[in-house]
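J.: In mature numbering (1 follows the signal peptide of the UniProt record, and there is no 0), the protein residues as written are -19 to -1, 1 to 285. Even glycine gets a Cβ: it sits at the ideal position worked out from N, Cα and C. These numbers were taken from a predicted model, which means no experiment stands behind them. One structure follows; several queries about it will come next.
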C-alpha cells in the first residue's frame, strides 16, 4: 500500500491536482530543490529538535528550525505557542516567505520515534500565519536516504523572508472555543495521545484522563509502523477513522498533550484525507488540566 500511495504523492505533488498544503515524495522534493530557477527553489526546513542531528546530515539547502523555538511558558503553563509577534520574527529569520514553497521534514523510525510531530507542528504554525505552500516530505530523512538522494553537512541559512499580510487564525481553538463547540450536533472532539494517557493510566500530566466527551485516536495509527514519518493512504485509514466517528461530514476538534500530536492528526485529516473542517485546540491537555474548574474523565467514549 505504501508504494502505491507514494506513487500517487509523486504524481500529484507536481500538479494542480495536489493541494497547496500536503505531502510530497522525496523524489519530487529533490526536483524542486535542484530547480535551475532560484525563484522556484523551495525553502527547506529541518525541524528536528537536536542540532547535532542536523550537523550529522540534512537535506541540501535545509535551514535548521528547531520546532521547540516556537514554544515557551505562558502564564505559568509550559510549551505554549509564543505570542504572534515573537513567532513572526522567528519565522522571518528562518526565511519563511509568502511567495515560496516550503518543504518541511524531520526523521522517522518505529515508535517511540515521533520526530514527525515536529514537522507537523511547524507546518501548522506556518499555515496559521497564512503561508499557502507547505509540503511535508513523506518518509522524512529515512526515506530520502533510502532513495539514495544526496545529504550534506554544509550549513545553510535562508535570507529573511516575508510573511503574508493576513493570518489564518480560524484553524486554531482556544479553550473557550472548544467548550462552546463540543457536544454540539455534528461535532467530534478527538484526543490524539496514546490510549494510556487518554485513559489516565500515565502519571505524566497534572491531571489524569481527558476532556469529557472526547474520543481517542492515537496519531501513530495514521503512519507506517517502520517509519512514523511515512503517511498511510486515506484508503487504508478510512475504516479506522470512520469507526472512531471521524468522518468528513463532521466538524472535528483535535487536541492532545501539548498540540504536537494533535497537529499531526489535524494535518492528516485536513490535508491528506481532505476533511473540510478540522481545528486544533492549541492549549491541549497541558492547559486544560491546569484549569481545574473544568472536569476531566477517564472512561472511554465510543465514536458515533
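Can you tell me the Cα-Cα spacing of residue -14 and residue 119, whole angstroms?
T.: Taking the chain shown and counting its residues from 1, the one referred to as residue -14 is at position 6. Taking the chain shown and counting its residues from 1, the one referred to as residue 119 is at position 138. Here the model assigns residue -14 a pLDDT of 49, short of 50, so the residue's position is not dependable, and the following value carries that caveat. Each residue's Cα considered, the two are about 8 angstroms apart.
J.: Closest to residue 180 by C-alpha separation, out of 244, 79, 32 and 266, would be which residue?
T.: Numbered from its first residue, the chain shown carries residue 180 at position 199. The shortest C-alpha separation from residue 180 is found at 266.
J.: When DSSP labels each residue in this structure, what does residue 174 get in the three-state scheme?
T.: Locating residue 174 in the chain shown gives position 193, where the first residue counts as 1. The answer is coil: DSSP assigns residue 174 none of H, G, I, E or B.
J.: Whose CA, out of 142, 132 and 264, lies closest to the CA of residue 80?
T.: The sequence position of residue 80 within the chain shown is 99, counting from 1. It is 142.
J.: Helix or strand or just coil, what does DSSP make of residue 198?
T.: The sequence position of residue 198 within the chain shown is 217, counting from 1. If DSSP states are grouped into helix, strand and coil, residue 198 belongs with coil.
J.: On the three-state DSSP scale, how would you describe residue 148?
T.: As a position in the chain shown, residue 148 is number 167, starting the count at 1. The answer is coil: DSSP assigns residue 148 none of H, G, I, E or B.
J.: Per DSSP, residue 234 is paired with what?
T.: Locating residue 234 in the chain shown gives position 253, where the first residue counts as 1. Answer by DSSP bridge pairing, in chain order: 170 and 260.
J.: Drop a sphere of 10 angstroms on the beta-carbon of residue 176, count the other beta-carbons inside from all chains shown, and report buried for 16 or more, exposed for fewer.
T.: For this step, residue 176 is matched to residue 195 along the chain shown. The residue in question, residue 176, is exposed, as its Cβ has fewer than 16 Cβ neighbours within 10 Å.
J.: Under 9 angstroms, do residue 137 and residue 68 count as touching if we go by C-beta distance?
T.: Counting from one through the chain shown, the residue named residue 137 turns up at place 156. Counting from one through the chain shown, the residue named residue 68 turns up at place 87. Their beta carbons are not under 9 angstroms apart, which means residue 137 does not touch residue 68 by this criterion.
J.: How should residue 209 be labelled, buried or exposed, when 16 other C-beta atoms within 10 angstroms of its C-beta is the threshold for buried?
T.: Locating residue 209 in the chain shown gives position 228, where the first residue counts as 1. Per the 10 Å Cβ criterion, buried.
J.: With distance defined between alpha-carbon atoms, name the residue in 140, 123, 71 and 133 nearest to residue 24.
T.: Residue 24 sits at position 43 when you count from the first residue of the chain shown. Among 140, 123, 71 and 133, the Cα nearest to that of residue 24 belongs to 140.
J.: Looking at C-beta atoms only, is the number of pairs between the stretch 83 to 103 and the stretch 44 to 54 that lie closer than 8 angstroms three or more?
T.: yes
J.: Are there three or more Cβ pairs, one per stretch, closer than 8 angstroms when the stretch 12 to 24 is compared with the stretch 186 to 201?
T.: Contact between the stretch 12 to 24 and the stretch 186 to 201 is absent: fewer than three C-beta pairs spanning the two stretches fall below 8 angstroms.
J.: Just curious, the beta strand (DSSP E) that residue 54 is in, first and last residue?
T.: For the purposes of this step, residue 54 is taken as residue 73 along the chain shown, with counting starting at 1. Counting along the chain, the beta strand (DSSP E) containing residue 54 begins and ends at 52 to 55.
J.: Would you identify the three-state DSSP class for residue -13, choosing helix, strand or coil?
T.: Sequence index remark: in the chain shown, residue -13 carries index 7 (1-based). Low local confidence applies: a pLDDT of 44 at residue -13 is under 50, so the model's placement there is unreliable, and no value is given.
J.: Could you check the C-alpha separation between residue 103 and residue 85 for me, to the nearest Å?
T.: Position 122 of the chain shown, counted from the start, is the residue given in the question as residue 103. Position 104 of the chain shown, counted from the start, is the residue given in the question as residue 85. If I take the Cα positions, the gap works out to 8 angstroms.
J.: How many Å lie between residue 3 and residue 253 at the Cα?
T.: The residue labelled residue 3 in the question sits at position 22 within the chain shown. The residue labelled residue 253 in the question sits at position 272 within the chain shown. Cα-Cα distance, rounded: 6 angstroms.
J.: Is the beta carbon of residue 91 closer than 9 angstroms to that of residue 207?
T.: By one-based count along the chain shown, residue 207 stands at place 226. By one-based count along the chain shown, residue 91 stands at place 110. It is a contact, given that the beta carbons lie within the stated cut-off.
J.: Going straight from the alpha carbon of residue 70 to that of residue 186, what length do you get?
T.: Taking the chain shown and counting its residues from 1, one reaches residue 70 at position 89. Taking the chain shown and counting its residues from 1, one reaches residue 186 at position 205. Taking the straight line joining both Cα atoms gives about 31 angstroms.
J.: When DSSP labels each residue in this structure, what does residue 124 get in the three-state scheme?
T.: Residue numbering aside, residue 124 sits at position 143 when the chain shown is read from its first letter. Note: residue 124 maps to helix in three-state DSSP.
J.: Is there contact here, the stretch 275 to 285 with the stretch 233 to 253, by at least three beta-carbon pairs under 8 angstroms?
T.: Contact fails: fewer than three Cβ-Cβ distances are below 8 angstroms.
J.: If you measure between the beta carbons of residue 39 and residue 165, is that distance less than 9 angstroms?
T.: Position 58 of the chain shown holds residue 39. Position 184 of the chain shown holds residue 165. For residue 39 and residue 165, no; Cβs fall outside 9 angstroms.
J.: Quick check on the DSSP output: the beta strand (DSSP E) that includes residue 10 runs from which residue to which?
T.: Taking the chain shown and counting its residues from 1, one reaches residue 10 at position 29. Looking at the DSSP string, residue 10 is not in any beta strand (DSSP E); the run it does join, the alpha helix (DSSP H), is 7 to 14.
J.: Within this structure, are the beta carbons of residue 154 and residue 268 separated by less than 9 angstroms?
T.: Along the chain shown, read from residue 1 onward, the residue named residue 154 stands at position 173. Along the chain shown, read from residue 1 onward, the residue named residue 268 stands at position 287. Against a cut-off of 9 angstroms, the Cβ pair of residue 268 and residue 154 comes out as no contact.
J.: Going by alpha carbons, who is nearest to residue 123 out of 106, 156, 87 and 147?
T.: Reading the chain shown from its first residue, position 142 is the one you call residue 123. Minimum Cα distance to residue 123 is reached at 87.
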